[in-house]
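Undergrad:
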Amino acid sequence: MSGTRKSYNDEFKKQTVKYIQEQTKTVAELAQELDIPAKTLHQWLGKYRQFQSEPLSSPEKVKELERQLKERDRQLADLAEEMEILKKAVHIFSNPKN
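In our numbering, the protein residues as written are 19 to 116.
1) Could you have a look at PRO55 and say whether DSSP puts it in helix, strand or coil?
2) Mind the definition here: the stretch 53 to 69 touches the stretch 87 to 103 only if three or more C-beta pairs lie below 8 angstroms; say whether that holds.
3) Using the C-alpha atoms, what's the distance from LEU48 back to ALA56?
4) Report the residue ranges of all beta strand (DSSP E) runs contained in full by the stretch 68 to 116; include only those spanning at least 3 residues, in chain order.
5) Determine the closest residue to THR22 out of GLN50, GLN41, ILE54 and ILE110, with distance taken between C-alpha atoms.
6) Taking the C-alpha atoms as reference points, what is the distance between GLU29 and TYR66?
7) Please state if the CB of GLN68 and the CB of VAL108 are separated by a distance shorter than 9 angstroms.
8) How far does the alpha helix (DSSP H) with GLN41 in it extend, from its first residue to its last?
As structure tokens, this is what we get:
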């Protein structure tokens with residue numbers, strides 16, 4: 019360790035977290051590159067990380083997604099049943115009666 023403790027403002031921390039999220043490197047690699055301890059970067063990630071595509075999950079969101087998944091499973095089962103019926107119909111109508 020260097021002996022002197024560095025202090026960073028919130029804006030710097032937020033920009034660093036954003037930079038980390040945009041990289042394909044590991045946090046350890048970025049810690050070395052930025053000369054900031056990996057443990058510190060992990061703490062900043064926990065505090066400042068933002069999920070731009072989706073907000074953090076809540077129990078209501080999880081329940082809604084589960085409901086949607088069940089509905090899609092039901093629709094998929096219905097479509098599979100319809101396909102089986104159509105296959106049988108095609109088989110029946112494609113065989114000429116002798």
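By construction, the Cβ of each residue, glycine as well, lies at the ideal position given by its N, Cα and C atoms.
TA: In short, the structure shows the following:
1) coil
2) no
3) 8 angstroms
4) none
5) ILE54
6) Distance between the alpha carbons of GLU29 and TYR66: 10 angstroms.
7) no
8) No alpha helix (DSSP H) contains GLN41, which DSSP labels as neither H nor E.
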